[in-house]
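2 protein chains.
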Amino acid sequence: MTPAQTAMIGALAGTLDAKAILTDAADIEPWLIDWRRRFHGAAPAILSPTSTDQVAAIMQAASAHRVPLVAQGGNSSMVGGATPPGDGEALILSLRRMNRIRRLDAEANLAVCEAGVILADLHAAAIEAGRRFPLSLGAKGNASIGGLVSTNAGGTQVLRFGSMRGLVAGVEAVLTNGEVYDGLAALKKDNRGYDLDQLLIGAEGTLAIVTAATLRLVALPPATVTAWAATDDPEHALRLLRRLQTATDATESFEILPAETLAAALAYLPDVRPPVAGRQRWHLLIEVTDADTALLERVLAAALDDGLIGDATIAASEAQAHSFWRLRESLSDAERATGPATQHDLSVPVEAMPRFMVEAAAACDARFPGTRASGFGHLGDGNIHFHVRGPRDANRERWLADHAAAITHFVDDLVTAAGGSIAAEHGIGQMKIDELARLASPAKLTAMRAIKAAMDPLGLLNPGKLVALASPPANQ
Amino acid sequence: MTPAQTAMIGALAGTLDAKAILTDAADIEPWLIDWRRRFHGAAPAILSPTSTDQVAAIMQAASAHRVPLVAQGGNSSMVGGATPPGDGEALILSLRRMNRIRRLDAEANLAVCEAGVILADLHAAAIEAGRRFPLSLGAKGNASIGGLVSTNAGGTQVLRFGSMRGLVAGVEAVLTNGEVYDGLAALKKDNRGYDLDQLLIGAEGTLAIVTAATLRLVALPPATVTAWAATDDPEHALRLLRRLQTATDATESFEILPAETLAAALAYLPDVRPPVAGRQRWHLLIEVTDADTALLERVLAAALDDGLIGDATIAASEAQAHSFWRLRESLSDAERATGPATQHDLSVPVEAMPRFMVEAAAACDARFPGTRASGFGHLGDGNIHFHVRGPRDANRERWLADHAAAITHFVDDLVTAAGGSIAAEHGIGQMKIDELARLASPAKLTAMRAIKAAMDPLGLLNPGKLVALASPPANQ
């Protein structure tokens, strides 16, 4: 431990009990490695407070002793956003023990959750109250509310309900000077100046420590209808989505995947049958709630008649719907079995996505002979996971070391030229910090750096993530 | 003109044509007085650029010569937010000539508008394209997009579509260093760091100059059903709203007013008949689109059966619906005819509003004998316009001078104790800057002042509004 860290922890002796300070290396180790096991940081201790007041005391002590803090929830960042730097100067501030749902008001459709509440636990609590929290993602058993807020997380229901930004009604956070900002009151209208809630959503823990959030709930869906369709043209897929959205505003998912990706998933899940018989080039997984099966049947039948799609089926049972989703959720694992790949979480304006999917893949294939590029994901959000796959038999680490940087550079340039985002739902973290600095406009970087310096003048919050300041934090 | 102003305008000679620099006092005078005629500022010139590049050049020159700028659109602020200070040191930056709709894409439901586009003109353009922009307010013939964005404007459709914050898909703005931030691409998912769009929405022109915005459009409503209902209990009104929202998500307006306010409106509009015969204490104006009359009839009939309301009627014609809205829109003028009043634009959590309306009025009546307090407005948003009326025959200016400060102080304390906002939809401007400084939490003020100093280090943007820095801008 550095002298500064020792002094800081000493100053907290009266505030934190023994359980709140972990210094055993075996306890700490799992939290030094990111979800995808790409980054390995160092930290001599984890602080694990149970209240906002304790977080405030920790922040004050950290500022007094110039000790950087890395806030961590479920440690499920896809971009190394919660992994400490390798120099061991920072401590991990774990919010996992702040895991109370302070209030769940079904009438008002609101839940006030502490930062450490696990997403799956909120789902369960909401259902028990006859409501649902309409955001879900693969890491729901680990991801915590504080992390979901701080990364503006997305998922498979963004199409209808938006990402976290649209579901957060208020934020509580501790500033670097230890003051507690309480924005939890769920006011539908409030124009008292800069919207700090919105500024902290997606700030990746670099401006303040989010300690709690008020979240919006919605009614339980009366029914869920799941369908699979196939088409030769992603433009037709988007037109089908627009028709569906005109017929009902309850379209929750509209996922697209290329036939070759489906084939990989079917090979990976031998017990799952192909959803449709057609040999079209693109497949669609569609989910609609609050609407009856007849409506979806009618829209799909008209799309078949008009040639927008070549095949379609509505899941006849929950089991069949579940098998459709198993295919969707296995795509990353299934592709991994086919060889190494670079993965790009990107977005462009929704209307531009069908063309981008085709043209970007062709451009990559031409630029990097021997690779094969394609994207799948949230067509309705203009957000896909775009993968460039190397030869099946290539050594993964070697191939990535040789090619990942150049491919990433090329794909990020294509996205930027299309007016899109190189970080659609996973954020910047430490993985994309150089690409953000390379590609963001000077104005955006100017403003981000100014805000970072204003809110965190000592550079203590999540150092090395999202935005790099000109000068590193001063250590004692 | 100050030497700094003269030098700055001289530096712009090659950039701005003669029409872009107004120095005739008669041309300037109307823009020195706010909408409610409470504030009278001074400025020796109005700069009126026609492009973002010109705004950038103006901003650079202003920074170089330390000349403050007050951005102005339709000058329809209710809180003096666009009126220059009285010292004459600032210039007005009018965005009115930047009035192009750059793009209107009906398929994507987006419109890219320059800051000077008048709201009513956008309404018309959207309708021509078979769409609508679902935000409207009394000043729609004057209010401009830049001002609506910068004040996070609300209106009568917030219940369904949210305020501007929910309708802005992207912002273009000029920073104080002259760099242009282009966030116009409408990306549904984008996690490349701090959301500058959201930070600038509602920032009242104190952080950057908003020059354009991408706005979301929605489908034209297939039908509009308007109803009037009456109840003795605002809690019942809220329960009726919740039932309606369960039955349809197309409830666009749910306005409440007390019987005495309706009586004043009926006296003010002698050609309008009372909507219902009942003598209940509270009246409700309800508007639902995308739903048929039968649905609203069914919900209202059940509410009558259950005693939630005592009377109700559905407008039988467009003319009758129009007369309902005339009553609603006349309330401020009608009340003005009954004597002087202080006006408070406030919000509390929606579920708390029914009780707040009753208890706050009673508290005011008790605290200020001879006055009569009541609120009306957007019950479904938890936002009312709360007025404390003096004696009918009191001299308006004298009464306000004697009582307004104490009443405002008292009402703002009540709102704050209820966890509400003293500036729900009209913002802070210069009118509420002292109350914000008195009542906002230290953390909120710390963060706001830090962000202001970071984005506008010389204090040049809309000085004296929203947030006061410790030190005033330096003048040459």
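Protein sequence lines, in the order shown, are assigned to chains A and B. Using UniProt numbering, you'd call the opening residue of the first sequence number 1 and step up by one each time. Using UniProt numbering, you'd call the opening residue of the second sequence number 1 and step up by one each time. Don't be surprised by glycine CBs; every beta carbon is placed ideally from N, CA and C. Being a predicted model, the structure only gives us computed values, none of them experimental.
(1) Please report whether the beta-carbon of A/E179 lies at a distance below 8 Å from any beta-carbon of chain B.
(2) Assuming the contact rule is C-beta atoms closer than 8 Å, A/M8 and A/A62 should be a hit. Round their C-beta distance to whole Å, please.
(3) Apart from the five residues just before and just after A/Y268, which ones in its own chain have a Cβ nearer than 7 Å to its Cβ?
(4) Within the 8 Å Cβ cut-off, does A/G390 reach chain B?
(5) Just reading off the alpha helix (DSSP H) that B/P234 is part of, what are its end residues?
(6) Of the residues that make up the region 329 to 363 of chain B, which ones have a beta carbon closer than 8 Å to any beta carbon in chain A?
(7) Thinking C-beta only, is B/L220 closer than 8 Å to B/R165?
(8) With a cut-off of 8 Å, does the C-beta of B/T156 fall near any C-beta of chain A?
(9) Compare the C-beta of B/G138 with all C-beta atoms of chain A and state if any pair is closer than 8 Å.
(10) Taking B/G339 as the reference, which of B/Q280, B/E351 and B/R389 has the closest Cα?
(11) Please state the DSSP three-state secondary structure of B/F39.
(12) Are the Cβ atoms of A/G170 and A/D195 separated by less than 8 Å?
(13) Along chain B, in chain order, which residues have C-beta atoms closer than 8 Å to that of A/V428?
(14) By a C-beta neighbour count over all protein chains shown, 10 Å radius and 16 as the cutoff for buried, is A/S94 buried or exposed?
(15) Near B/L257, which residues of its chain fall below 6 Å by C-beta distance, leaving aside the five closest residues on each side in sequence?
(16) Please report whether the beta-carbon of residue 545 of chain A lies at a distance below 8 Å from any beta-carbon of chain B.
(17) Could you give the uninterrupted runs of the alpha helix (DSSP H) lying entirely in the region 160 to 241 of chain A, keeping only those of 4 residues or more?
(18) Tell me the DSSP secondary structure of B/D412 in three-state form.
(19) Output yes or no for whether 8 Å exceeds the beta carbon distance between A/V225 and A/E252.
(20) Sort B/H123, B/P234 and B/A362 by Cα distance to B/S144 and report the nearest one.
(21) Give every residue of the same chain whose Cβ lies closer than 6 Å to the Cβ of B/S48, excluding the five residues on either side of it in the sequence, and list them in chain order.
(22) Any beta-carbon of chain A closer than 8 Å to the one on B/E107?
(23) Rounded to the nearest angstrom, what separates A/V79 and A/I422 at their Cα positions?
(24) Straight-line CA distance for A/T83 to B/A352?
(25) Am I right that B/D456 and B/L207 are in contact with their C-beta atoms under 8 Å? What's the rounded C-beta distance?
(26) Rounded to the nearest angstrom, what separates residue 477 of chain B and A/K452 at their Cα positions?
(27) If you follow the alpha helix (DSSP H) that B/L266 is in, where does it begin and where does it stop?
(28) Looking only at its chain, what residues have a beta carbon closer than 7 Å to the beta carbon of A/H236, apart from the 5 residues adjacent to it on each side?
(29) Applying the 10 Å Cβ sphere with the 16-neighbour rule, what's the burial state of A/A212?
(30) Does the beta-carbon of B/S317 have 16 or more other beta-carbons within 10 angstroms, so that it is buried, or is it exposed?
(31) Tell me B/G377's beta-bridge partners as DSSP assigns them.
(32) Please determine if the region 107 to 120 of chain A and the region 144 to 154 of chain A are in contact, where contact requires at least 3 C-beta pairs separated by less than 8 Å.
(33) How would you list, in chain order, the residues of chain B whose beta-carbon sits under 7 Å from the beta-carbon of A/E255?
(34) So, helix, strand or coil for A/T251, using DSSP?
(35) Looking only at its own chain, which residues have a Cβ that is under 7 Å from the Cβ of A/A129, when we skip the five neighbours before and after it?
(36) Where does B/S471 sit, in a helix, a strand or coil, going by DSSP?
Reading off the structure:
(1) Yes, because at least one Cβ of chain B sits closer than 8 Å to the Cβ of A/E179.
(2) With a Cβ gap of about 6 Å, A/M8 and A/A62 count as contacting.
(3) Correct list, in chain order: S330, D333, A334 and A337.
(4) Under the 8 Å criterion on CB atoms, A/G390 is classed as non-interfacial with respect to chain B.
(5) From DSSP, the alpha helix (DSSP H) with B/P234 extends over P234 to A247.
(6) Cβ contacts with chain A: S347, V348, P349, V350 and E351.
(7) No, they are not a contact pair.
(8) Under the Cβ distance rule, B/T156 does not count among the residues neighbouring chain A, no pair being separated by less than 8 Å.
(9) Not an interface residue.
(10) Looking at the Cα atoms, B/R389 is the closest of the given residues.
(11) Here DSSP, grouped into helix, strand and coil, assigns B/F39 to coil.
(12) No, the Cβ-Cβ distance between A/G170 and A/D195 is not below 8 Å.
(13) Just to set this straight, residue 428 of chain A is Ile in the shown sequence, not Val. Chain B residues near A/I428: N191, R192 and G193.
(14) A/S94 comes out buried.
(15) Non-local beta-carbon contacts of B/L257 in its own chain, meaning distances under 6 Å to residues more than five positions away in sequence, involve H283 and F376 in chain order.
(16) The requested residue 545 of chain A does not occur in the structure, where chain A is confined to residues 1 to 476.
(17) Secondary structure remark: continuous alpha helix (DSSP H) runs of at least 4 residues inside the region 160 to 241 of chain A, in chain order: 164 to 167 and 196 to 200.
(18) Assigned with DSSP and collapsed to three states, B/D412 falls in helix.
(19) No.
(20) Comparing Cα-Cα distances from B/S144 to each of B/H123, B/P234 and B/A362, the minimum goes to B/H123.
(21) So the list reads A20, S94 and R97, once near-sequence residues are dropped.
(22) Yes, its Cβ sits closer than 8 Å to a Cβ of chain A.
(23) It is roughly 12 Å from the alpha-carbon of A/V79 to the alpha-carbon of A/I422.
(24) Each residue's Cα considered, the two are about 42 Å apart.
(25) Beta-carbon to beta-carbon, B/D456 and B/L207 are separated by about 6 Å, close enough to satisfy the 8 Å threshold.
(26) This structure cannot settle anything about residue 477 of chain B, because the visible part of chain B is limited to 1 through 476.
(27) Its alpha helix (DSSP H) spans residues A259 to Y268.
(28) These residues qualify, in order along the chain: L308 and I309.
(29) Residue environment: A/A212 is assigned as buried (16 or more neighbouring CB atoms within 10 Å of its CB, all protein chains considered).
(30) The residue in question, B/S317, is exposed, as its Cβ has fewer than 16 Cβ neighbours within 10 Å.
(31) Its beta-bridge partners are B/I256 and B/I384.
(32) The way I'd put it, the region 107 to 120 of chain A does touch the region 144 to 154 of chain A; three or more beta-carbon pairs between them come closer than 8 Å.
(33) Within chain B, no residue comes near A/E255; the closest Cβ sits about 14 Å away, beyond 7 Å.
(34) DSSP places A/T251 in strand when its eight states are reduced to three.
(35) So the list reads L104 and A106, once near-sequence residues are dropped.
(36) For B/S471, the pLDDT reaches just 43, beneath the cut-off of 50, and the residue's location in the model is therefore unreliable, leaving the point undetermined.
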